[in-house]
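Below: one structure, written as structure tokens.
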Amino acid sequence: MTDLNILSCNINGLNGPHKRTGFLDFLRRRKIDIVLVQESHLKEEDVHRCNNKFYEVVSHSSSDTKTKGVLILVRRTLNITILDKGCDTDGRITHIKTIVENRNIVFISVYAPCTPDPTFFSVLSTYLLKFSDFEIVLGADTNSVMSHILDRSGPKESHSQAFCSDKLRQCVTSASLVDSWRLINPSAKSFTFFSATHKSYSRIDYIFISTSLSSAVRDADICSLSLSDHDGNLCRLSLIPRPSRATRWRFNPKLLQDENFCSQFRNKFAEFIEINQGSVDDPRTLWNAVKGFIRNNSISYASFLQKKRHKKIAELESQLQNLTRDNQRCFSDSTLSKIMAVRSELNSLLRSRAEFLIQRCRQNYYFQGSRPSHLFSSKNTQQ
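The letter at position 166 of the sequence shown is residue 166 when you use full-length UniProt numbering, and the numbering goes up by one with no holes.
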């Protein structure tokens with residue numbers, strides 16, 4: 001089991017060396033494993049300044065000016081495999097694809113526009129479609145609330161704010177995400193940002209997770225950050241390793257082209273049915289036994305063919321080597337003809353094997369590859 005301490009925070013700028021050092025020290029003291037940062041305000045050439053001997057920037061997106069900017073930092077000693085990373089070009093979204101405890105998890109940091117912009121959440125929904133095969137952990141400053149009643153104090157929200165909140169909820173629902181803090185605090189009121197202009201508090205900073213990760217949430221809290229005008233979101237996940245998927249046996253259709261296999265299968269199958277039919281009352285038991293017979297007979301015959309083929313290939317390779325050596329000592333047309341014949345037979349066997357491997361690779365790619373169903377269902381939901 002792996003415990004992940006995740007922090008998502010709007011840090012409101014990391015250009016100052018004292019603030020940057022203080023922030024990294026805070027992460028170390030709180031034993032944070034993965035940090036999803038918004039508003040880093042760092043230009044592309046300055047992002048490396050957030051690296052130290054304890055934490056490393058593994059993905060980021062920067063703006064041309066010292067505004068916006070998102071980062072993902074990972075504790076250097078964390079046992080995690082990073083498969084891929086990516087970002088947008090506007091300093092608002094960045095992600096890393098990882099494997100943690102044999103689970104595919106993508107970590108995403110998002111910073112939504114301060115001015116209400118409903119189109120941003122449509123862009124985010126499209127961005128999330130890329131991760132249909134991954135569980136999602138998304139830290140975000142959404143600049144919108146999920147619930148006006150629970151997540152905001154003060155005056156009634158404007159029409160544009162309400163519209164953005166609707167779009168945020170649609171985005172979260174379409175990606176099958178849940179608010180990790182709200183899982184632990186279903187009816188509590190707590191806030192992450194104070195607006196001096198409107199003299200109101202709101203909870204606009206979130207860590208959203210896939211519903212499949214809900215049972216892994218051990219704790220969720222809002223922590224004060226003296227370095228920023230936003231409070232941070234903490235989430236602790238206890239990830240139990242997923243067992244590796246067992247290899248599923250599939251019948252090799254090329255066996256049906258082998259007359260010897262078909263002949264022996266018919267004879268043995270008829271004998272099997274004659275012995276077992278009527279031995280049990282439930283026909284489902286007999287059917288399960290038939291499936292076991294088909295599998296065992298096919299594997300046994302395929303193993304016999306494989307051993308026979310390997311032996312034949314070894315014999316031909318040895319024969320080819322001897323003939324080549326003899327012809328090098330004393331050239332003759334008859335030996336050359338034998339070499340060509342042996343080489344042709346050997347290439348035929350190797351080509352047959354290559355065709356089988358290509359077919360199996362395509363089969364595995366189809367059965368084990370990404371499923372388009374989630375993408376299509378999400379597209380239909382948006383329409």
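A virtual CB, placed ideally from N, CA and C, is assigned to each residue, including glycine.
Problem - Run of the beta strand (DSSP E) containing residue 22, from where it starts to where it stops - result: To locate residue 22, count along the sequence shown from 1; it is residue 22. Residue range 17–29 is occupied by the alpha helix (DSSP H) that includes residue 22, with no beta strand (DSSP E) assigned at that position.
Practice task
Compute the beta-carbon to beta-carbon distance between residue 171 and residue 134, rounded to the nearest angstrom, for a pair I have assumed lies under 8 Å.
Solution key: Counted from its first residue, the sequence shown places residue 171 at position 171. Counted from its first residue, the sequence shown places residue 134 at position 134. Incorrect: roughly 17 Å between the Cβ atoms, too far for contact.
Problem - Length of the line joining the Cα atoms of residue 154 and residue 224 - result: Walking along the sequence shown from the start, residue 154 turns up at place 154. Walking along the sequence shown from the start, residue 224 turns up at place 224. Distance between the alpha carbons of residue 154 and residue 224: 21 Å.
Handout entry: Simplified DSSP assignment, three categories, for residue 330
Key = As a first step, residue 330 must be located in the sequence shown, where it is residue number 330. Three-state result, residue 330: coil.
Problem - Beta carbon of residue 80 nearer than 9 Å to that of residue 94 - result: Locating residue 80 in the sequence shown gives position 80, counting from the first residue. Locating residue 94 in the sequence shown gives position 94, counting from the first residue. Taking 9 Å as the Cβ cut-off, residue 80 and residue 94 do not qualify as a contacting pair.
Practice task
Confirm the yes/no value for this check: CB of residue 124, any heavy atom of the ligand ATP, distance under 8 Å.
Solution key: The model depicted lacks the ligand ATP and carries no ligand whatsoever.
Handout entry: Reference residue 9, options 221, 295, 238 and 249, closest by Cα
Key = For the purposes of this step, residue 9 is taken as the residue at position 9 of the sequence shown. Nearest option by C-alpha distance: 221.
Handout entry: Three-pair Cβ contact test at 8 Å for the segment 2–21 versus the segment 112–127
Key = By the Cβ criterion, the segment 2–21 is not in contact with the segment 112–127, since fewer than three pairs of Cβ atoms, one from each stretch, lie closer than 8 Å.
Practice task
Count the C-beta pairs between the segment 231–241 and the segment 205–213 that are closer than 8 Å, then say yes if the count reaches three, no if not.
Solution key: Verdict: yes, contact present.
Practice task
Report yes or no: do three or more beta-carbon pairs, one from the segment 20–35 and one from the segment 254–271, lie closer than 8 Å?
Solution key: no
Problem - Neighbour-count burial assignment, residue 6, 16 or more Cβ in a 10 Å radius - result: Your numbering for residue 6 matches position 6 in the sequence shown. The residue in question, residue 6, is buried, as its Cβ has 16 or more Cβ neighbours within 10 Å.
Handout entry: For residue 295 and residue 283, the rounded distance between their alpha carbons
Key = Taking the first residue of the sequence shown as 1, we reach residue 283 at position 283. Taking the first residue of the sequence shown as 1, we reach residue 295 at position 295. Each residue's alpha carbon lies about 19 Å from the other.
Practice task
Just the C-alpha distance for residue 305 and residue 311, rounded to the nearest angstrom, thanks.
Solution key: The sequence position of residue 305 within the sequence shown is 305, counting from 1. The sequence position of residue 311 within the sequence shown is 311, counting from 1. Taking the straight line joining both Cα atoms gives about 10 Å.
Problem - Beta-carbon contacts of residue 56 that lie in its chain and below 7 Å, excluding the five residues immediately before and after - result: Working through the sequence shown from its first residue, we reach residue 56 at position 56. Same-chain partners within the cutoff: 73, 74 and 76.
Exercise for the section: Go through the segment 138–165 residue by residue and report every complete run of the beta strand (DSSP E) that reaches 3 residues or more, in order. Expected result: none
Practice task
Indicate the three-state DSSP secondary structure (helix, strand or coil) for residue 256 in the structure shown.
Solution key: Reading the sequence shown from its first residue, position 256 is the one you call residue 256. Residue 256 carries a helical assignment under DSSP once its states are collapsed to helix, strand and coil.
Exercise for the section: Mind checking who residue 3 pairs with in its DSSP beta bridge? Expected result: Here residue 3 is taken as the residue at index 3 of the sequence shown, counted from 1. According to DSSP, which records beta bridges pairwise, residue 3 is partnered with 238.
Practice task
State the Cα-Cα distance for the pair residue 217 and residue 180, rounded to the nearest angstrom.
Solution key: To locate residue 217, count along the sequence shown from 1; it is residue 217. To locate residue 180, count along the sequence shown from 1; it is residue 180. Taking the straight line from one Cα to the other gives about 7 Å.
Problem - Buried or exposed (CB count within 10 angstroms, at least 16 for buried), residue 190 - result: Here residue 190 corresponds to residue number 190 of the sequence shown, with the count starting at 1. Residue 190 is exposed by the Cβ-count criterion.
Practice task
Compare the Cα-Cα distances from residue 292 to each of 273, 308 and 125 and report the closest residue.
Solution key: Walking along the sequence shown from the start, residue 292 turns up at place 292. Per the Cα distances, 273.
Handout entry: Outcome for residue 60 when other beta-carbon atoms lying within 10 angstroms are tallied against a minimum of 16
Key = By 1-based counting over the sequence shown, the position of residue 60 is 60. Label assigned to residue 60: buried.
Practice task
Below 8 Å on the Cβ atoms is my guess for residue 37 versus residue 70; work out the distance and round it to an integer in Å.
Solution key: For the purposes of this step, residue 37 is taken as residue 37 along the sequence shown, with counting starting at 1. For the purposes of this step, residue 70 is taken as residue 70 along the sequence shown, with counting starting at 1. Confirmed, Cβ separation roughly 6 Å.
Handout entry: residue 351 burial status per 10 Å Cβ neighbour count (16 or more: buried)
Key = The sequence position of residue 351 within the sequence shown is 351, counting from 1. Flag for residue 351 reads exposed.
Exercise for the section: Pick helix, strand or coil for residue 117, following the three-state DSSP scheme. Expected result: In the sequence shown, the residue the question calls residue 117 occupies position 117. Coil at residue 117, not helix or strand.
Exercise for the section: Look at the Cβ atom of residue 201, then the Cβ atom of residue 146, and state whether they are nearer than 9 Å. Expected result: The residue given as residue 201 occupies position 201 in the sequence shown. The residue given as residue 146 occupies position 146 in the sequence shown. No.
Exercise for the section: Identify which residue in 251, 339 and 317 has its Cα closest to the Cα of residue 349. Expected result: Locating residue 349 in the sequence shown gives position 349, counting from the first residue. Ranking 251, 339 and 317 by Cα distance to residue 349 puts 317 first.
Handout entry: Residue range of the unbroken beta strand (DSSP E) whose run includes residue 392
Key = The question about residue 392 has no answer here: the residues shown for the chain are numbered 1 through 383.
Problem - Where the beta strand (DSSP E) containing residue 86 begins and where it ends - result: Here residue 86 refers to the residue found at position 86 when the sequence shown is read from its first residue. Note, residue 86: beta strand (DSSP E), 81–87.
Handout entry: Other residues of its chain near residue 297: CB distance less than 7 Å, five sequence neighbours each side excluded
Key = Translated into positions along the sequence shown, residue 297 becomes position 297. Excluding residues within five positions, the ones whose Cβ falls inside 7 Å are 265 and 268.
Handout entry: N-terminal and C-terminal residue of the beta strand (DSSP E) that residue 223 is part of
Key = In the sequence shown, counting from the first residue as 1, residue 223 sits at position 223. Per DSSP, residue 223 belongs to the beta strand (DSSP E) from 217–223.
Practice task
My understanding is that residue 230 touches residue 12, with C-beta atoms under 8 Å, so please give their C-beta distance in whole angstroms.
Solution key: To locate residue 230, count along the sequence shown from 1; it is residue 230. To locate residue 12, count along the sequence shown from 1; it is residue 12. Yes, residue 230 and residue 12 are in contact; Cβ-Cβ is about 7 Å, under 8 Å.
Exercise for the section: Indicate the three-state DSSP secondary structure (helix, strand or coil) for residue 202 in the structure shown. Expected result: The count along the sequence shown starts at 1 and reaches residue 202 at position 202. Here residue 202 sits in strand by DSSP.
Practice task
Enumerate in chain order the residues of its own chain whose CB-to-CB distance from residue 62 is below 7 Å, with the five nearest sequence positions on each side excluded.
Solution key: As a working note, residue 62 is residue 62 in the sequence shown. These residues qualify, in order along the chain: 42, 43, 44, 47, 69 and 91.
Exercise for the section: State buried or exposed for residue 168, treating a residue as buried only when at least 16 other CB atoms are found within 10 Å of its CB. Expected result: One-based indexing of the sequence shown puts residue 168 at position 168. Residue 168 comes out buried.
Problem - For residue 75, the first and last residue of its enclosing beta strand (DSSP E) - result: By 1-based counting over the sequence shown, the position of residue 75 is 75. 70–75 is the span of the beta strand (DSSP E), which, as asked, contains residue 75.
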